[in-house]
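Novice: Numbering (the numbering used here), first residue to last: 33 to 361.
All C-beta atoms, glycine included, are put in the ideal place defined by N, C-alpha and C.
Here you go, one structure.
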Ligand SMILES: NC(=O)c1ccc[n+]([C@@H]2O[C@H](COP(=O)([O-])OP(=O)(O)OC[C@H]3O[C@@H](n4cnc5c(N)ncnc54)[C@H](OP(=O)(O)O)[C@@H]3O)[C@@H](O)[C@H]2O)c1
């Protein structure tokens with residue numbers, strides 16, 4: 033019989049309030065504890081979501097011996113420290129994207145998880161939703177033929193606020209790490225790693241990127257045309273182009289609800305891929321499934337791929353001139 037898992041939530045911000053809703057739809061997951069930098073926020077969150085334990089510091093949550101899995105939902109600048117602290121306390125970890133500020137941090141997090149034989153995964157939630165299986169099936173059936181090109185842009189217009197984590201360099205601000213990580217992960221999934229990268233960006237007054245355009249060339253000559261911005265909105269449709277046709281991935285890149293297959297010379301075929309609840313429960317279930325099987329990495333979101341994505345984003349940041357405090361020029 034597989035066991036139930038006690039989850040601890042780190043941070044009481046926006047995504048914690050969304051993730052927990054998905055988590056609470058899962059039979060095997062117990063929303064057991066929450067931690068905040070302030071006891072009052074932890075208490076409010078615990079009350080809102082009927083959570084038994086509310087801790088006024090993250091350290092107190094890590095010390096709770098009953099917690100199996102920690103979900104890290106702090107600003108990107110804190111992921112490295114928070115993940116290491118949770119792992120060193122013997123907890124399995126699901127860490128929000130972007131996984132870390134840079135590849136060096138990611139490498140250390142991965143090494144500690146492997147050394148301690150604890151589960152660790154970047155919360156790339158869209159890989160665990162129904163559209164993924166359908167897209168994989170379409171590719172496995174070779175309905176697109178040889179893949180030549182991917183187009184993906186995840187952008188949202190967001191008013192500039194120097195104190196918001198999206199724009200504050202000390203919190204790991206910039207649209208590349210916050211939004212660009214999705215199109216880059218999509219490119220990695222379908223096209224593999226880039227062999228070369230061309231990129232350009234606009235920087236906002238705080239010195240981080242608020243618009244990035246990227247062209248990846250892959251080893252076989254295929255290309256990915258990727259973008260992200262907090263200055264404009266897009267239709268949130270990604271497309272994958274091959275010798276036999278193209279596939280549109282509709283909906284937010286975070287939660288695609290529909291695929292449209294256009295095969296050369298044929299009428300488009302729509303595949304609805306609706307998600308249940310708010311779509312965040314799939315990644316949480318995936319973590320528990322791996323723990324049931326005594327696995328410490330998920331093959332659908334391998335740590336080596338997360339590391340590769342961080343290295344790609346390091347390269348882009350170096351090219352567009354975005355460094356975070358503490359990074360050496
Ligand atoms: N998967 C998705 O769809 C998705 C969507 C949005 C965001 N995210 C990711 O989730 C993470 C959190 O994003 P969010 O939108 O939830 O951010 P948010 O609303 O600002 O919440 C972040 C939380 O982190 C804690 N925190 C720790 N140190 C902090 C600091 N120095 N300044 C501010 N807050 C601090 C705070 O909780 P306490 O005060 O309780 O300690 C805060 O509420 C980011 O990595 C982001 O990229 C993922």
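With 16 as the cutoff for other CB atoms within 10 Å, does residue 205 come out buried or exposed?
Specialist: Stepping through the chain shown from its first residue, residue 205 is reached at position 173. Classification for residue 205: buried.
Novice: What span of residues does the beta strand (DSSP E) with residue 39 cover, start to end?
Specialist: One-based indexing of the chain shown puts residue 39 at position 7. From DSSP, the beta strand (DSSP E) with residue 39 extends over 37-42.
Novice: Using 8 Å for Cβ pairs, my map puts residue 64 next to residue 84. What's the rounded Cβ distance?
Specialist: Translated into positions along the chain shown, residue 64 becomes position 32. Translated into positions along the chain shown, residue 84 becomes position 52. Contact holds; Cβ gap of about 6 Å.
Novice: Would residue 318 and residue 330 qualify as a contact pair, given that the criterion is a beta-carbon distance under 7 Å?
Specialist: Taking the first residue of the chain shown as 1, we reach residue 318 at position 286. Taking the first residue of the chain shown as 1, we reach residue 330 at position 298. Their beta carbons are under 7 Å apart, which means residue 318 touches residue 330 by this criterion.
Novice: For ligand 1, is there a heavy atom less than 6 Å away from the beta-carbon of residue 107?
Specialist: Position 75 of the chain shown holds residue 107. Correct: residue 107 has its Cβ closer than 6 Å to ligand 1.
Novice: For residue 192, count the other beta carbons within 10 Å of its own beta carbon; 16 or more makes it buried, fewer makes it exposed. Which is it?
Specialist: The residue you call residue 192 lines up with position 160 of the chain shown. Classification of residue 192: exposed, given that the 10 Å Cβ count is below 16.
Novice: Mind checking whether residue 42 and residue 90 have CB atoms under 7 Å apart?
Specialist: For this step, residue 42 is matched to residue 10 along the chain shown. For this step, residue 90 is matched to residue 58 along the chain shown. Yes, they are a contact pair.
Novice: Would you check whether ligand 1 has a heavy atom nearer than 6 Å to the C-beta of residue 232?
Specialist: The residue given as residue 232 occupies position 200 in the chain shown. Because no heavy atom of ligand 1 lies under 6 Å away, the Cβ of residue 232 does not count as near it: no.
Novice: Rounded to the nearest angstrom, what separates residue 73 and residue 246 at their Cα positions?
Specialist: Looking up residue 73 in the chain shown gives position 41. Looking up residue 246 in the chain shown gives position 214. Going from the Cα of residue 73 to the Cα of residue 246 covers about 39 Å.
Novice: Any heavy atom of ligand 1 within a distance shorter than 6 Å of the CB on residue 287?
Specialist: Working through the chain shown from its first residue, we reach residue 287 at position 255. Using a cutoff of 6 Å, the CB of residue 287 does not count as near ligand 1, since none of the ligand's heavy atoms is closer than that.
Novice: Can you pull the DSSP bridge partners for residue 231?
Specialist: If you number the chain shown from 1, residue 231 lands on position 199. Under DSSP, the beta-bridge partners assigned to residue 231 are 246.
Novice: Decide yes or no for the touch test of the segment 90-106 against the segment 296-307: beta carbon pairs closer than 8 Å, at least 3 of them.
Specialist: no
Novice: To the nearest angstrom, report how far apart residue 160 and residue 337 are at their CA atoms.
Specialist: For this step, residue 160 is matched to residue 128 along the chain shown. For this step, residue 337 is matched to residue 305 along the chain shown. Distance between the alpha carbons of residue 160 and residue 337 is about 16 Å.
Novice: Determine the closest residue to residue 335 out of 152, 116 and 147, with distance taken between C-alpha atoms.
Specialist: The residue you call residue 335 lines up with position 303 of the chain shown. Cα-wise, what sits closest to residue 335 is 152.
Novice: Closer than 6 Å: is that where the CB of residue 134 sits relative to any heavy atom of ligand 3?
Specialist: With respect to small molecules bound, the structure shown includes ligand 1 and not ligand 3.
Novice: Are there three or more Cβ pairs, one per stretch, closer than 8 Å when the segment 284-292 is compared with the segment 193-201?
Specialist: no
Novice: Can you tell which of 347, 36 and 198 has the C-alpha that lies nearest to the C-alpha of residue 248?
Specialist: Numbered from 1 along the chain shown, position 216 holds the residue referred to as residue 248. It is 347.
Novice: Just checking my contact of residue 256 with residue 178 at CB under 8 Å: how many whole Å lie between their CB atoms?
Specialist: Counting from one through the chain shown, the residue named residue 256 turns up at place 224. Counting from one through the chain shown, the residue named residue 178 turns up at place 146. With 8 Å as the limit, residue 256 and residue 178 do not qualify as a contact, their Cβ atoms being about 15 Å apart.
Novice: Using a threshold of 6 Å, is the CB atom of residue 216 nearer than that to any non-hydrogen atom of ligand 1?
Specialist: Start at 1 with the first residue of the chain shown, and residue 216 comes out as number 184. Checking the Cβ of residue 216 against ligand 1 gives no.
Novice: Measuring alpha carbon to alpha carbon, tell me which residue in 50, 92 and 88 is nearest residue 81.
Specialist: Along the chain shown, one-based indexing puts residue 81 at 49. Measuring from the Cα of residue 81, the nearest candidate turns out to be 50.
Novice: For residue 239 and residue 201, which I take to be in contact (beta-carbon distance under 8 Å), what is that distance rounded to the nearest angstrom?
Specialist: Numbered from its first residue, the chain shown carries residue 239 at position 207. Numbered from its first residue, the chain shown carries residue 201 at position 169. Confirmed, Cβ separation roughly 6 Å.
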